[in-house]
Amino acid sequence: MSNLLRLLLLLAPLPLLAATPARIFPYAYEKHTLPNGLTAILVPMPSGGIVAYYSVVRTGSRDEVEEGKSGFAHFFEHMMFRGTPKYPQAVYEGIVTKMGANTNAYTTNDHTAYHLKFTKSDLPKVIEIEADRFQNLAYPKIVFQTEAGAVYGEYRKNIASPFALLFERMQDLAYDAHTYKHTTIGFERDIKLMPTQFDYSLQFFKRFYRPDNTVLVIAGDFEPKPTLALIEKHYGGWARGYVAPAITPEPPQKAERTAEVSYPGRTLPILTVAYKGDAFSPDNRDFVAALLLGELAFGETSELRKRLQLREQRVQTIAANIPQNRDQPLFSIFAMIKQADDIAAVRDEIYQTLEHFKTTPVDATRLRDLKRRNKYGFLMSLDTPDAVAGALARFVSLTGDIAVIDQLYAAADAVTPEDIMNAAKKYFVPERRNVIVLKGGQS
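4 is the number of the first residue of the sequence shown in my numbering; add one for each residue after it.
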């Protein structure tokens, strides 16, 4: 299928939404909230009989506020596959295998998502088994301890990556009070102690796995009305009771922080320059402008990347990451540098680039083209049920809804060159800056 044909198919549902001409999300959808607080977002779309089913728990590593208890949001990504009295693990896995379904999960700072992809004839059974495990998860202590050991093995495997080590050290350096100080998998010291935390794990499940903290996102070839009836039948008895944890805000950073990290293996030096940003908000013009600024200054078509990576070949890669998080994230620039004695010069090139955007308005045509590319790139990515549900999961985790997508793209359309300069002046200043250089044992 050509890209043009895909785009035409994506835009086909738009006449159904003529009352909202500013709409960007191309599919008609329904949103329903049960009396117990469970939200279901239903997105019927042409998909040849395929359905994607996401259960988004709006709890991630940011919610781990108790001392010594980091890593439990990620841990439950593992434990949720351990079965229930009605559907023990082997039975659940057998059902999923017989369906030919794909099932997996992931955890982020802000949410945990469980997802399946299957044929529409299996949707009633999927609703039943997913509702069961979210309400009736059960596991013995020995299984908990075994899985806790496996999670520590996962940590040790991951930290062997220089980027994972760098990210862990950067979070620890940049944050003092907020739970973003630890990565999603948790502090190593807490992971080691996890096998002793069986009772706490039961409390964690009861606290966070509640209907009023969970959103279902179902996309694909299905009928909304009978699907909603099945959701009400199987999830309606799930007792609400979520209470949001008291997360300590991060105090303002007052001065630049720097560190150097030694990596035991072989790697090119990696420079990370990270600035305290703002939480996701389409109403925050500076934040929306920063999303565009990251691409303008350090993206694939940026002058700095073309010069350092392509023409001069001084860096292996250079890129920016402007995250969309529920709380204050780090706006980061990464560079993998080919020669260790070039680190300071590349760092200064990054600083000079940011200073340029503070004082020089970006070309209006280039800004307009970037907005169009982002918008149509988003549309073109929504070509399968799994891609649609997966894209919506992040926005659901941020706001509990997907209406924010239209708000975000409308806000981006309104960004001016002056807004880009204002964002650069606000965020990319020394007092918000954290800098780490990672060097390998054989750089």
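We treat Cβ as the ideally placed atom computed from N, Cα and C, and that holds for glycine.
Best match in the options for proximity to residue i [C-alpha to C-alpha]
i	options	result
Arg-310	Glu-352, Ala-347 and Ala-293	Glu-352
Tyr-3	Leu-219, Thr-122, Pro-332 and Ala-180	With the chain covering 4 to 446 only, the question about residue 3 has no answer from this structure.
Leu-231	Leu-45, Asp-345 and His-181	Leu-45
Thr-110	Leu-295, Ser-73 and Ser-265	Ser-73
Phe-447	Phe-360, Pro-38 and Thr-122	Look at the range of the chain in this structure, 4 to 446, and you will see that residue 447 is not part of it.
Gly-189	Val-432, Ala-167, Asp-135 and Lys-209	Ala-167
Lys-101	Met-82, Pro-88, Ser-124 and Thr-87	Ser-124
Lys-34	Ala-247, Arg-85 and Lys-228	Lys-228
Pro-165	Gly-86, Lys-209 and Val-264	Val-264
Thr-187	Arg-65, Tyr-142, Phe-207 and Thr-122	Arg-65
Leu-401	Asp-386, Ser-284, Ala-43 and Gln-316	Ser-284
Asn-39	Lys-429, Trp-241 and Lys-236	Trp-241
Exposure label - residue i; buried when at least 16 CB within 10 Å
i	result
Ile-145	exposed
Glu-434	exposed
Asn-139	exposed
Leu-119	buried
Ile-439	buried
Gly-223	buried
Val-318	buried
Asn-216	buried
Thr-251	exposed
Val-94	exposed
Asp-289	buried
Arg-136	buried
Met-48	buried
Val-349	buried
Gln-200	buried
Tyr-379	exposed
Thr-275	buried
Arg-369	exposed
Arg-376	exposed
Ala-177	buried
Pair within 7 angstroms by beta-carbon distance, residue i and residue j
i	j	result
Leu-357	Ala-427	yes
Arg-213	Arg-172	no
Ala-322	Phe-337	yes
Gln-256	Pro-198	no
Asn-328	Asp-113	yes
Leu-233	Ile-130	yes
Pro-388	Ala-108	no
Asn-161	Ala-277	no
Lys-442	Pro-267	no
Asp-193	Lys-184	no
Tyr-354	Leu-41	no
Glu-259	Gln-331	no
Val-365	Ile-423	yes
Ala-76	Thr-115	yes
Ser-384	Ala-392	no
Ile-53	Tyr-90	no
Ala-134	Val-291	no
Val-59	Ala-406	no
Ala-141	Pro-88	yes
Where residue i sits in the DSSP three-state scheme
i	result
Ser-204	helix
Thr-275	strand
Gly-444	coil
Phe-121	strand
Arg-436	strand
Met-83	coil
Phe-431	coil
Ser-335	strand
Ser-50	coil
Ser-384	helix
Leu-219	strand
Ala-258	coil
Glu-263	strand
Val-60	strand
Asn-328	coil
Ala-55	strand
Ala-293	helix
Gln-138	helix
Gln-174	helix
Ala-415	helix
Ala-153	helix
Ile-194	helix
Residue-level contact to chain D via CB, residue i, 7 angstroms cutoff
i	result
Ala-116	Looking at the structure shown, chain D is missing, and only one protein chain is on hand.
Bridge partner(s) assigned by DSSP for residue i
i	result
Tyr-95	Answer is none; Tyr-95 lacks a bridge partner.
His-35	Ala-43
Leu-395	Bridge partners of Leu-395: none, in fact.
Val-246	Beta-bridge pairing links Val-246 to no other residue.
Ala-108	Tyr-117
Ile-145	DSSP output for Ile-145 lists no bridge partner at all.
Val-318	Ile-340
Ala-323	Ile-336
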